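First the structure, in the form of structure tokens, and then the observations on it.
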Amino acid sequence: VYEAIEVAKATGKVKKGTNEVTKALEKGNAKLVAIAKDVSPPEIVMHLPVLAKEKGVLCYTVDTKEELAAAAGLEVPTSTVCIIVEGDAAPILKELGKAKDE
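Offset between the sequence shown (1-based) and the working numbering: plus 1290.
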């Protein structure tokens, strides 16, 4: 998941933060959503997996906000990131989708 975010950041487009990710999901633009497990309170991001499932978007949880931010090229922690334009990460997303289906 981190690799997909790093590649998409370099060659495509990513959105960072719960509000931006929510808007991208509602508009149907998101291709993959990553949510940090250490968000406090967890209610801040509880709606995202449900929304992602409704929209048929891959949704993953990752260990920490710091690791997620590093993958997205941020210096401050972020609770959520989504990929809008895959860029060169398209094959990685395809593999993640296959793994999720199994």
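We put the CB at the ideal spot given by N, CA and C, even for glycine. Please read these numbers as outputs of a predicted model, since none were measured by experiment.
Which of helix, strand or coil DSSP assigns to residue i
i, result
"Thr1351", "strand"
"Lys1303", "strand"
"Leu1364", "coil"
"Ala1326", "strand"
8 Å contact criterion, which residue i and residue j should meet: CB distance rounded
i, j, result
"Leu1315", "Ala1342", "6 Å"
"Asp1378", "Lys1355", "Contact flag wrong, Cβ pair sits at about 25 Å."
"Val1371", "Val1311", "7 Å"
"Ile1295", "Ala1380", "Rounded, the Cβ-Cβ distance is 13 Å, inconsistent with contact."
Residue i burial status per 10 Å Cβ neighbour count (16 or more: buried)
i, result
"Lys1306", "buried"
"Val1323", "buried"
Beta-carbon gap between residue i and residue j smaller than 9 Å
i, j, result
"Leu1338", "Thr1308", "yes"
"Ala1320", "Val1347", "yes"
Minimum Cβ-Cβ distance from residue i to chain C less than 9 Å
i, result
"Leu1315", "No chain C appears in this structure, which consists of one protein chain only."
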